[in-house]
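Written out below as structure tokens is the structure these notes cover.
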Amino acid sequence: MLNTTLFTESSTPRNWRRWLFNPLRLAAYLVWIAVVLNTLLDNPPRLWNLQQLFGAIFTVSILLSLIATGVVRANTTQRSWLEPLLILAQSAFTLASIYCFPSSMQPVLLVILAVQVILSFRPAVALAFLLFVNLIFAWIGSYYWSRGGMIVSLLAYGSFQAFAALTAYYARRAEQANTELLAANAQLLSTRSLLEESARSQERLKLSRELHDVAGHKLTALKLNLQLLLRNAVFTNVEELQSCKQLADELLDDIRAVVSELRKYDGVDLRSALATLIAHLPGPKIHLNIANDSLLADVQSAETLLRCAQEALTNALRHSHASEIWLDLQRDGERVSLQVRDNGHGTAQLNFGNGLTGMRERLQALGGELRVLSGANTGLTLTANIPLQA
Numbered sequence: 001m002l003n004t005t006l007f008t009e010s011s012t013p014r015n016w017r018r019w020l021f022n023p024l025r026l027a028a029y030l031v032w033i034a035v036v037l038n039t040l041l042d043n044p045p046r047l048w049n050l051q052q053l054f055g056a057i058f059t060v061s062i063l064l065s066l067i068a069t070g071v072v073r074a075n076t077t078q079r080s081w082l083e084p085l086l087i088l089a090q091s092a093f094t095l096a097s098i099y100c101f102p103s104s105m106q107p108v109l110l111v112i113l114a115v116q117v118i119l120s121f122r123p124a125v126a127l128a129f130l131l132f133v134n135l136i137f138a139w140i141g142s143y144y145w146s147r148g149g150m151i152v153s154l155l156a157y158g159s160f161q162a163f164a165a166l167t168a169y170y171a172r173r174a175e176q177a178n179t180e181l182l183a184a185n186a187q188l189l190s191t192r193s194l195l196e197e198s199a200r201s202q203e204r205l206k207l208s209r210e211l212h213d214v215a216g217h218k219l220t221a222l223k224l225n226l227q228l229l230l231r232n233a234v235f236t237n238v239e240e241l242q243s244c245k246q247l248a249d250e251l252l253d254d255i256r257a258v259v260s261e262l263r264k265y266d267g268v269d270l271r272s273a274l275a276t277l278i279a280h281l282p283g284p285k286i287h288l289n290i291a292n293d294s295l296l297a298d299v300q301s302a303e304t305l306l307r308c309a310q311e312a313l314t315n316a317l318r319h320s321h322a323s324e325i326w327l328d329l330q331r332d333g334e335r336v337s338l339q340v341r342d343n344g345h346g347t348a349q350l351n352f353g354n355g356l357t358g359m360r361e362r363l364q365a366l367g368g369e370l371r372v373l374s375g376a377n378t379g380l381t382l383t384a385n386i387p388l389q390a
């Protein structure tokens with residue numbers, strides 16, 4: 001049995017670290033610290049009035065809402081209702097902080113908000129939301145700054161927000177494209193490995209048949225002829241013929257043993273293709289467990305299970321936010337079963353998309369079946385099985 005654990009470059013020991021300590025969030029934390037230090041220099045705490053005390057509370061709340069948003073993203077598969085609620089709270093805290101400290105660098109915190117919004121909502125919704133927030137910012141600025149100063153500040157901070165939001169948006173697009181490219185490359189490599197294994201399987205089958213049908217039959221004929229000769233009184237005591245008969249018997253037994261050994265490996269072995277697939281996938285830690293007797297009858301069955309594994313792993317990487325994935329290939333009676341499960345966060349109501357629907361149709365065409373289990377607080381478990389003789 002093959003039992004391995006594979007890591008990829010983007011693997012992380014704990015999923016929440018990916019969200020709380022990625023480079024973009026670290027930059028946001030540094031911006032928040034810079035704003036706080038500037039505020040403390042401009043407004044020493046010993047001179048704070050009630051308004052500034054509330055401003056300090058709002059500023060700390062911005063950081064807490066930023067962290068909370070990361071925690072929510074790390075622990076939900078779908079966009080939770082908590083995420084937009086936290087974004088709204090962060091927006092209110094940011095605007096309130098600007099109102100309480102109008103002469104400090106508080107408007108810079110709008111840049112953090114812009115990045116949060118563009119990563120949480122569709123572009124059109126994000127644009128409308130940021131325009132609304134900046135209108136409120138302009139209204140606050142009209143109380144403290146001259147019209148010219150307010151326009152300059154709005155243009156400056158609006159440009160910073162646009163730059164940060166566009167940078168984050170295209171960075172995410174590039175990351176998604178890179179992930180899809182790596183996944184496609186992994187699928188191509190695993191398919192090539194499957195074709196190579198199929199060719200080896202066909203060669204083993206051809207060799208076993210040739211040994212049995214050609215060499216085995218000729219040796220049997222030779223053995224029968226030697227037996228006929230030894231029955232003749234003239235050749236009964238000829239030691240050379242006795243040795244030839246014994247060698248023919250031994251050689252025939254050896255050929256039968258070789259054919260039997262080759263027959264043990266009849267079928268297509270998926271271990272190489274699956275190992276190649278997960279070795280080139282970006283994402284979490286993947287455990288691979290393959291039983292030695294989990295051989296498929298033909299290439300079509302093997303390809304179907306390989307496609308199921310590809311789809312299941314891709315879904316886990318895209319949607320479950322899992323830090324570990326387990327892939328098991330076992331023989332279950334007269335069927336071969338593939339199970340892919342993760343420790344991510346599933347959904348109480350699972351909808352079959354094109355990928356899962358296509359997977360189920362492939363399996364049903366070969367007499368197999370697909371079972372998917374998912375819960376709101378548990379990971380997703382996908383089990384595909386197929387008959388040994390499809």
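When the letters of the sequence shown are read in order and numbered with the UniProt record's numbering, they come out as residues 1 to 390.
Think of the CB as a built atom: it goes at the ideal place given N, C-alpha and C, for glycine as much as any other residue.
| Query | Result |
| --- | --- |
| 7 Å CB neighbourhood of residue 185 in its chain, flanking five on each side removed | 280 |
| Cα-Cα separation between residue 246 and residue 296, rounded to whole angstroms | 39 Å |
| Distance between residue 299 and residue 120 (C-alpha atoms, nearest Å) | 43 Å |
| Where the alpha helix (DSSP H) through residue 134 begins and ends | 123–144 |
| Three-state secondary structure (DSSP) of residue 148 | helix |
| Stretch-stretch touch, CB-based, cutoff 8 Å, three pairs: the stretch 138–156 with the stretch 166–183 | no |
| For residue 386, the residue or residues it bridges with in DSSP | 336 |
| Contact under 7 Å by Cβ, residue 356 with residue 386 | no |
| Whole-number beta carbon distance between residue 311 and residue 359, since they are thought to touch under 8 Å | 5 Å |
| Local conformation of residue 368 per DSSP, three classes | coil |
| Selected residue, minimal CA-CA separation from residue 178, among 40, 329, 26 and 318 | 318 |
| Same chain, Cβ closer than 7 Å to residue 334, five either side skipped, listed in chain order | 387 and 388 |
| Residue 128 burial status per 10 Å Cβ neighbour count (16 or more: buried) | exposed |
| Cβ-based neighbour list, residue 242, same chain, cut-off 8 Å, excluding 5 preceding and 5 following | 230 |
| Buried or exposed by the 16-neighbour rule on C-beta atoms within 10 Å, applied to residue 193 | buried |
| Sequence-distant residues of the same chain with beta carbon closer than 7 Å to residue 362, five excluded per side | 304 and 307 |
| For residue 274, three-class secondary structure by DSSP | helix |
| Proximity winner among 269, 90 and 63, relative to residue 290 (alpha-carbon distances) | 269 |
| Cβ-based burial, residue 106 [other Cβ within 10 Å; buried from 16] | buried |
| Per-residue DSSP class, three states only, for residue 104 | coil |
| Closest by C-alpha distance to residue 96, when choosing among 83, 85, 84 and 110 | 110 |
| For residue 374, three-class secondary structure by DSSP | strand |
| Those residues which DSSP pairs with residue 381 across a bridge | 341 and 373 |
| Length of the line joining the Cα atoms of residue 169 and residue 176 | 11 Å |
| Assigned exposure category for residue 284 - 16 Cβ within 10 Å defines buried | buried |
| Span separating the alpha-carbon of residue 57 from that of residue 160 | 25 Å |
| Length at least 4, wholly inside the stretch 47–83: the alpha helix (DSSP H) runs in chain order | 50–74 |
| Minimum C-alpha distance to residue 133 - residue among 282, 90 and 251 | 90 |
| Residue of 59, 172 and 27 minimising C-alpha distance to residue 40 | 59 |
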